[in-house]
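Protein chains in written order, with this note's numbering: chain A, 217 to 354; chain B, 217 to 354.
There are 2 protein chains.
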Amino acid sequence: MEVSELKAIIKSHGLRVTDCRTDVMGHFIKNKGALSQSDLEKRLEKYDRVTLYRTLHSFLDSGIIHKIPNDTGIATYGLCHNTCSPEKHFHDHIHFKCNSCGTIECLDDKKVPNITVPLGYKMEHVNLIVDGICASCA
Amino acid sequence: MEVSELKAIIKSHGLRVTDCRTDVMGHFIKNKGALSQSDLEKRLEKYDRVTLYRTLHSFLDSGIIHKIPNDTGIATYGLCHNTCSPEKHFHDHIHFKCNSCGTIECLDDKKVPNITVPLGYKMEHVNLIVDGICASCA
DNA sequence: AATAATATGCAATTCGGTTGCATATATTAC
DNA sequence: GTAATATATGCAACCGAATTGCATATTATT
Numbered sequence: 217m218e219v220s221e222l223k224a225i226i227k228s229h230g231l232r233v234t235d236c237r238t239d240v241m242g243h244f245i246k247n248k249g250a251l252s253q254s255d256l257e258k259r260l261e262k263y264d265r266v267t268l269y270r271t272l273h274s275f276l277d278s279g280i281i282h283k284i285p286n287d288t289g290i291a292t293y294g295l296c297h298n299t300c301s302p303e304k305h306f307h308d309h310i311h312f313k314c315n316s317c318g319t320i321e322c323l324d325d326k327k328v329p330n331i332t333v334p335l336g337y338k339m340e341h342v343n344l345i346v347d348g349i350c351a352s353c354a
Numbered sequence: 217m218e219v220s221e222l223k224a225i226i227k228s229h230g231l232r233v234t235d236c237r238t239d240v241m242g243h244f245i246k247n248k249g250a251l252s253q254s255d256l257e258k259r260l261e262k263y264d265r266v267t268l269y270r271t272l273h274s275f276l277d278s279g280i281i282h283k284i285p286n287d288t289g290i291a292t293y294g295l296c297h298n299t300c301s302p303e304k305h306f307h308d309h310i311h312f313k314c315n316s317c318g319t320i321e322c323l324d325d326k327k328v329p330n331i332t333v334p335l336g337y338k339m340e341h342v343n344l345i346v347d348g349i350c351a352s353c354a
């Protein structure tokens, strides 16, 4: 993807275009898996970790990325589909965590089946995380 | 549940019976929701943080409790069904996180539907987390 | 009751996440 | 293009959860 396209995506979400945001965006685009803050810190050492932290949060708030729940305690993020907006997120795909390499990816083709919750409960989001061994580690 | 029963459960998982483990076990039994370490620290101030930490890990290792993935970064744990063993866990129920009170509970009656993963992937566990508003907060 | 194995408490460290503030940079208006 | 203004960045510093080493206390066994 061209850098100009990256910048267009950032701008289209109402954010200012900066070097850090462009670089982080580029990493999300070209990385098949989800990224954690420490992943980004290793790949983009030129930026302060607080800047990366705030970049992730501005992306989160504007609906560019979504947070993927996992049991490691380390927040990981994946690109949202273009159907996402700051107000409403649609993440009906399955997340896969490899127990060998630790990589977390979005299985965009695998949709989450319909779920119901008990009477009196109001469902807002559904997150389906499968763990196991990914194709690269098998 | 009787204290003697609590102790029997602990012993049946190959763990020594101690005051802390019995108390923690008791809290898991009587608490409908999942518990985090800080939850336990507040309820069981007589024990050191580290002791509670290690109690949770011995329970995890022996298959008494399971870790529930969530996006808060705070590890929460729920009781396993009696079908769980140290080697193999079966958590085919849905977890619900309330966005109002923060409580996480196991919806034991709600089973996770069948899922498939892409070719080359090996599935080990499925975790389904629904968030929204629980019956108490609605 | 003695022994051996294990759990506990305490001190201390690591690490991810977070905030305040001064400075640098992006956008807007001219 | 330049000036003005709003916003992003880097640095220092703090917080809380997670983690480890070690001496002491407790459990289970004989």
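Think of the CB as a built atom: it goes at the ideal place given N, C-alpha and C, for glycine as much as any other residue.
- Per DSSP, the unbroken alpha helix (DSSP H) holding B:D255 starts and ends at 253-259.
- Listed in chain order, the non-local C-beta contacts of B:K248 below 8 Å within the same chain comprise E321, local neighbours out to five positions each way being set aside.
- Under the Cβ distance rule, A:D287 counts among the residues neighbouring chain B, one pair being separated by less than 7 Å.
- A:I284 and A:H311 have their C-alpha atoms some 8 Å from each other.
- With fewer than 16 other Cβ atoms from the protein chains shown falling within 10 Å of its own Cβ, A:G336 counts as exposed.
- Contact check for B:R259 against B:H243 passes: the beta carbons are separated by less than 7 Å.
- Looking from the CA of A:L344, the closest CA among A:E257, A:N330, A:Y269 belongs to A:N330.
- With 16 or more neighbouring CB atoms inside 10 Å of its own CB, A:V346 falls in the buried class.
- At a cut-off of 7 Å between beta carbons, A:L276 makes no contact with chain B.
- With 16 or more other Cβ atoms inside 10 Å of its own Cβ, B:A291 counts as buried.
- The secondary-structure analysis by DSSP pairs B:M339 across a beta bridge with A:G348.
- By the 16-neighbour rule on beta-carbons within 10 angstroms, A:R270 is exposed.
- Within its own chain, the residues whose Cβ lies closer than 7 Å to the Cβ of A:S274, once the five positions on either side in sequence are excluded, are L231, listed in chain order.
- Proximity of chain A to B:C350 at the Cβ level (cut-off 7 Å) is accounted for by Y337, in chain order.
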